[in-house]
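**Student:** All letters in the sequence shown, in the order written, are residues 655 to 925 by our numbering. First the structure, then my questions, so here it is.
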Amino acid sequence: MHIITIGNLKGGVGKTTTTVNLADGLGRNGNRVLVIDADPQGNCSSILLTDIHEREERSLVRALEAPAGEGNLTSMICRSSNDRVDLVPNNFECILWERHVVNTSDATFGFHRLLKNDRDLEKYDYILIDTPPNIGAMLTNALIISDYSIVPVPVPDQFALDSLAIFLRVMQNTRNQNQRLRLLGILLTKHDDRVPLYVSNREKILQFFAAKGANVFRTSVRLDVAIDKAHMKHQTIFELDPDSIGALDHESLAREIVEILHNEQSRRKRN
Numbered sequence: 655m656h657i658i659t660i661g662n663l664k665g666g667v668g669k670t671t672t673t674v675n676l677a678d679g680l681g682r683n684g685n686r687v688l689v690i691d692a693d694p695q696g697n698c699s700s701i702l703l704t705d706i707h708e709r710e711e712r713s714l715v716r717a718l719e720a721p722a723g724e725g726n727l728t729s730m731i732c733r734s735s736n737d738r739v740d741l742v743p744n745n746f747e748c749i750l751w752e753r754h755v756v757n758t759s760d761a762t763f764g765f766h767r768l769l770k771n772d773r774d775l776e777k778y779d780y781i782l783i784d785t786p787p788n789i790g791a792m793l794t795n796a797l798i799i800s801d802y803s804i805v806p807v808p809v810p811d812q813f814a815l816d817s818l819a820i821f822l823r824v825m826q827n828t829r830n831q832n833q834r835l836r837l838l839g840i841l842l843t844k845h846d847d848r849v850p851l852y853v854s855n856r857e858k859i860l861q862f863f864a865a866k867g868a869n870v871f872r873t874s875v876r877l878d879v880a881i882d883k884a885h886m887k888h889q890t891i892f893e894l895d896p897d898s899i900g901a902l903d904h905e906s907l908a909r910e911i912v913e914i915l916h917n918e919q920s921r922r923k924r925n
């Protein structure tokens with residue numbers, strides 16, 4: 655099982671888009687995927703839930719608020735329209751939870767407490783965690799339990815690049831408590847190869863991170879109005895239009911991630 659946080663400290667970079675469409679893409683390729691919606695806005699939940707009212711009864715924050723030893727994620731899992739993708743939904747109540755747990759162990763280890771004794775989660779090949787654009791208990795908890803992070807960055811957005819630098823420092827600090835955590839890749843989003851500025855910025859970003867030894871995915875997610883249409887219809891891009899540019903790019907991303915992790919496991923076995 656691979657646990658992956660999708661994060662960036664700037665909003666609007668494509669975290670939720672990446673989470674739901676990567677989950678659906680991985681699921682359509684035969685993987686079992688659990689999405690944990692750790693963003694108070696609950697946009698993942700809005701897209702993946704077949705009945706949005708389910709998050710009033712089941713949610714991440716309800717599991718976190720359960721008495722010690724009683725909370726678990728399995729009891730909060732909801733089905734999505736893809737029978738290989740499940741969801742732990744979220745809602746705005748987690749903002750109150752974050753305020754309540756300041757200076758307690760749950761501010762850092764709440765997710766870890768839920769996962770450590772929940773054997774039913776072992777059936778999943780991937781757990782993807784969508785996170786809010788701020789440094790708070792939700793992001794900290796997500797990174798503490800994750801093996802990897804994916805950071806979406808829009809190609810023409812300098813502020814997103816600035817936020818990426820801060821996010822990478824947050825990751826580095828988290829490694830003091832989770833030595834497994836590493837960057838799986840930087841995902842370039844909202845790319846348009848018809849615009850010279852986008853093309854030149856993409857090349858600059860690739861060169862900059864290559865010099866630092868940071869992986870940038872071969873796949874970039876191009877601008878596609880179908881992605882916005884899918885959001886409006888509360889669907890993944892695969893549900894709306896499986897032949898669209900957005901679907902092809904997320905399918906390519908899913909294959910690339912499977913390849914990276916397979917190669918990494920092979921190297922570990924040889925060593």
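Where a beta carbon is used, it is the ideal one built from N, C-alpha and C, also for glycine. Predicted, not measured: the structure shown is a model, and the values here were computed from it.
If you scan the stretch 711-799 from start to end, which runs of the alpha helix (DSSP H) of 4 or more residues do you find wholly inside it?
**Tutor:** Counting whole runs of 4 or more residues, the stretch 711-799 contains the alpha helix (DSSP H) stretches 714-719, 747-754, 760-770, 791-799.
**Student:** Any idea what DSSP makes of V870, helix, strand or coil?
**Tutor:** Correct three-state label for V870: strand.
**Student:** With distances taken from CA atoms, which of I881, A908, I899, M886 is nearest G668?
**Tutor:** Closest option to G668, Cα to Cα, is I881.
**Student:** From V807, E719, H707, pick the residue whose C-alpha is nearest to that of C748; which is it?
**Tutor:** Of the candidates V807, E719, H707, the one whose C-alpha sits nearest the C-alpha of C748 is E719.
**Student:** Is it the case that the stretch 885-904 contacts the stretch 694-706, given that we only count it when at least three CB pairs across the two stretches are under 8 Å?
**Tutor:** The stretch 694-706 vs the stretch 885-904: in contact.
**Student:** So, L869 versus L837, is the Cβ gap smaller than 8 Å?
**Tutor:** Sequence check: residue 869 is Asn here, not Leu. Yes; because the gap between Cβ atoms is below 8 Å, this pair is in contact.
**Student:** For the alpha helix (DSSP H) that contains P850, what are its first and last residues?
**Tutor:** Where P850 is concerned, the enclosing alpha helix (DSSP H) stretches over 850-865.
**Student:** Using DSSP's beta-bridge definition, name the partner residues of S879.
**Tutor:** The sequence shown places Val at residue 879, rather than the Ser named in the question. Paired residue(s): none; V879 is not in a bridge.
**Student:** Would you report the Cα separation of L902 and K844, rounded to the nearest angstrom?
**Tutor:** When rounded, the distance between both Cα atoms is 14 Å.
**Student:** Do the CB positions of L841 and V875 come within less than 8 Å of each other?
**Tutor:** Yes, these two residues count as a Cβ contact at 8 Å.
**Student:** List the endpoints of the continuous beta strand (DSSP E) containing L837.
**Tutor:** Taken as a continuous stretch (DSSP letters only), the beta strand (DSSP E) holding L837 covers 836-845.
**Student:** Can you tell me whether I911 is helix, strand or coil according to DSSP?
**Tutor:** Helix at I911.
**Student:** At the level of alpha carbons, what is the spacing between T659 and Y802?
**Tutor:** Each residue's alpha carbon lies about 6 Å from the other.
**Student:** Could you tell me the alpha carbon to alpha carbon distance between N745 and H707, rounded to whole angstroms?
**Tutor:** Rounded to whole angstroms, N745 to H707 spans 11 Å at the Cα level.
**Student:** Quick one, which of D740, D779, G725 has its alpha-carbon nearest N771's?
**Tutor:** Closest by alpha carbon: G725.
**Student:** Using a 10 Å radius around the Cβ and a threshold of 16 neighbouring Cβ atoms, would you call H687 buried or exposed?
**Tutor:** Checking the displayed sequence, the identity of residue 687 turns out to be Val instead of His. By the neighbour-count rule (16 or more Cβ atoms within 10 Å), V687 is buried.
**Student:** Shortest alpha-carbon distance to Y679 belongs to which of Q889, R921, R922?
**Tutor:** The question names Tyr, but residue 679 in the sequence shown is Gly. For G679, the nearest C-alpha among the options comes from Q889.
**Student:** Which residues does DSSP list as the beta-bridge partners of I804?
**Tutor:** Paired residue(s): I660, G839.
**Student:** Between N662 and P786, is the Cβ-Cβ spacing less than 8 Å?
**Tutor:** No.
**Student:** Opposite V689 in the DSSP bridges: which residues?
**Tutor:** DSSP, once it has assigned bridges, lists L741, L782 as partnering V689.
**Student:** Taking DSSP's pairing of strands, which residues face L703 in a bridge?
**Tutor:** Answer is S734.
**Student:** Pull up the CB-CB distance for G839 and I804, whole angstroms please, since I reckon it's below 8 Å.
**Tutor:** The Cβ separation is near 6 Å, so the contact holds.
**Student:** Using the three-state DSSP reduction, which class does M886 fall into: helix, strand or coil?
**Tutor:** Reduced to three states, the DSSP call for M886 is helix.
**Student:** Rounded to whole angstroms, what is the Cα-Cα separation between E733 and T758?
**Tutor:** Here residue 733 turns out to be Arg, not Glu, going by the sequence shown. Between R733 and T758, the C-alpha separation is close to 32 Å.
**Student:** So what's S898 in DSSP terms, helix, strand or just coil?
**Tutor:** Note: S898 maps to coil in three-state DSSP.
**Student:** Nearest to N832 by CA position, among A717, L851, N795, is which residue?
**Tutor:** Out of A717, L851, N795, N795 has the C-alpha closest to the C-alpha of N832.
**Student:** Residues in the same chain with beta-carbon distance under 7 Å from L915, minus the five sequence neighbours each way, listed in chain order, please.
**Tutor:** The answer, listed in chain order, is H656.
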